[in-house]
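Counting from 1, position 211 in the sequence shown corresponds to residue 211 in my numbering; the numbering is continuous, with no gaps.
Cβ coordinates follow ideal geometry from the N, Cα and C atoms, glycine included.
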Amino acid sequence: MTPEMILLVVVSVFSFITMVVALYNYFTAPMPGKNLHEDLPEGEEPLVSILIPARNEEKNIANCVQACLAQNYKNIEVLVLDDNSDDRTPLIVKTLAKGDSRVRLLSGTPLATGWLGKNWACHQLSQAAKGDYFLFVDADVVMKPAAVGTALAAMKKHRLSMFSIFPTQILSGPGASLVIPIMNWLLLNFLPLKQVYRGKSPSLVAANGQFIAFEKAAYHRNGGHVRVKEKVVEDMELARGVKISGEKMMTALGGDVVECRMYPDLASSVKGFTKNFYPGFGIPALLFFMMINFFILVYLFPYFMFVINPLWLVPVLFNTVSKVSISLLSRSYLTVEIFAHPAQMIIMYITGMRSIYFSKSGRLEWKGRTL
1 MTPEMILLVV VSVFSFITMV VALYNYFTAP MPGKNLHEDL PEGEEPLVSI LIPARNEEKN
61 IANCVQACLA QNYKNIEVLV LDDNSDDRTP LIVKTLAKGD SRVRLLSGTP LATGWLGKNW
121 ACHQLSQAAK GDYFLFVDAD VVMKPAAVGT ALAAMKKHRL SMFSIFPTQI LSGPGASLVI
181 PIMNWLLLNF LPLKQVYRGK SPSLVAANGQ FIAFEKAAYH RNGGHVRVKE KVVEDMELAR
241 GVKISGEKMM TALGGDVVEC RMYPDLASSV KGFTKNFYPG FGIPALLFFM MINFFILVYL
301 FPYFMFVINP LWLVPVLFNT VSKVSISLLS RSYLTVEIFA HPAQMIIMYI TGMRSIYFSK
361 SGRLEWKGRT L
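As structure tokens, this is what we get:
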């Protein structure tokens, strides 16, 4: 075999394996309304504390809180911690609290030494919560009425210590439509999501801080946000901690039940992706560098090579099946996923390099704070 044919076989095999993972996720990934339902045992109504850290969220907080109050599951309290906002966030929450006693506004204390901002806010929320279950939700998340009941039912049925949902991202504008699906691809092309629940290995984890539920005792037993106080990607660290302790967790997709408008444009999408990409993998920089170069070889190189040698169309087709499956799962724009794939891989590579550089140089920042 020629060197090119050996390379073609390697690339095709890897593309085929990840295509199988993507298809497995398409058919089996946990998702509210698909294979997770709001079927709580009759008579069981533990108090659920919905905990929302909010820093300069005047554009989102009203929709988020109102969606919480519209849940089918009524035994809730909604705690919003104003993390030193300089916009109308606390005023909006105060107005909402006047109309529903289940809403409470907390004023965040100054950032403690050794803590990152969101982790400190979540810790303060956990200290004030009265519920038997904690549900941490970002302020840009909107839950449909079945969300809390479905999460609680899943935790009860499967005896989970932790349950996380990757919300369906509402894509606004060409920039977000191009960048955000890369994050979905990195999740669903490589990790068989159902195995997060079935597998015991700490390497089989995924979690999204936009929606994380804990059984209260399990949260404290595993150290809560104190254990991850300095971590940029605290959601993944929380999940690894649960797995290491031998307890059960599950990760699901949002479907039509949990949605989020995460980033409104290209600049904020790239900035958010940069913040999470390298830290989220939890591996040495050299290994991460080798990984993203391998991704370029497998998922971009064939798109140039099949013009010269039609046999390279094989991995291109495998990759296309993966992209279609992931797009249908995550509700992204199918035409963008297919035709903009080479551009997305270039963005992925550049963002990965930026993520390493900013992480190692201490230049990562979010909402005016250095991470």
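Item	Value
Starting from the Cα of A121, find the closest Cα among V142, S107, F134 and give me that residue.	S107
What residue does the beta strand (DSSP E) around V48 start on, and which one ends it?	48-54
Could you please give the first and the last residue of the uninterrupted alpha helix (DSSP H) stretch that includes S359?	341-360
Nearest to V242 by alpha carbon, out of S126, I350, E4, S201?	S201
Whose CA, out of H341, L313, W312, lies closest to the CA of V324?	H341
With burial defined as no fewer than 16 other Cβ atoms inside 10 Å of the residue's Cβ, what is the status of F304: buried or exposed?	exposed
Looking only at DSSP bridge pairs, what is C260 linked to?	V141, Q169
Just verifying my parser: in three-state terms, what is the DSSP assignment at T95?	helix
Could you say which of K275, A112, K156 lies nearest to Y388 if we only look at CA atoms?	The requested residue 388 is not part of the displayed model; the chain covers only 1 to 371.
If contacts are defined as beta-carbon pairs under 8 Å, then P167 and G254 qualify, I think. What distance do you get, rounded to the angstrom?	4 Å
Kindly indicate the opening and closing residues of the alpha helix (DSSP H) around I283.	That residue, I283, is in no alpha helix (DSSP H); it is neither H nor E in DSSP.
Measure the CB-CB distance between E234 and H225 and report whether it falls below 8 Å.	yes
Enumerated in chain order, which unbroken segments of the alpha helix (DSSP H) with a length of 4 residues or greater are wholly contained in the region 210-269?	216-221, 234-244
Which residues share a DSSP beta bridge with V103?	V78
When DSSP labels each residue in this structure, what does M162 get in the three-state scheme?	strand
Quick one, are the C-beta atoms of M31 and A217 less than 8 Å apart?	no
Keeping to the same chain, check which residues put their C-beta closer than 8 Å to that of I17; ignore five residues upstream and five downstream.	none
Work out the CA separation of V78 and I338 for me, nearest whole Å.	41 Å
Please classify E4: does DSSP put it in a helix, a strand, or coil?	helix
Count the other C-beta atoms from every protein chain shown that fall within 10 angstroms of the C-beta of P110, then say buried if there are 16 or more, exposed otherwise.	exposed
Tell me which same chain residues have a C-beta within less than 7 Å of the C-beta of V196, skipping the five on either side of it?	L204, V205, A206, M249, M250, T251
Rounded to a whole number of angstroms, what is the C-alpha to C-alpha distance between Y133 and V80?	16 Å
Pull up the distance between the alpha-carbon of L188 and that of P3, whole angstroms please.	31 Å
Going by C-alpha to C-alpha distance, which of A153, V314, L160 sits closest to L40?	A153
Are P279 and V228 closer than 8 Å when you measure CB to CB?	no
Looking at the secondary structure, which residues open and close the alpha helix (DSSP H) in which V205 lies?	Per DSSP, V205 belongs to no alpha helix (DSSP H) and is neither H nor E.
Does the count of Cβ pairs from the region 49-64 and the region 130-148 closer than 8 Å reach three?	yes
Starting from the Cα of I101, find the closest Cα among A343, Q124, S327, C68 and give me that residue.	First, the residue type needs correcting, since residue 101 is Ser and not Ile in the sequence shown. Comparing Cα-Cα distances from S101 to each of A343, Q124, S327, C68, the minimum goes to C68.
Going by other Cβ atoms of all chains shown within 10 Å of its Cβ, with 16 needed for buried, is E42 buried or exposed?	exposed
Between the region 88-101 and the region 61-76, do at least 3 Cβ pairs fall closer than 8 Å?	yes
Under 8 Å, do Y26 and L329 count as touching if we go by C-beta distance?	yes
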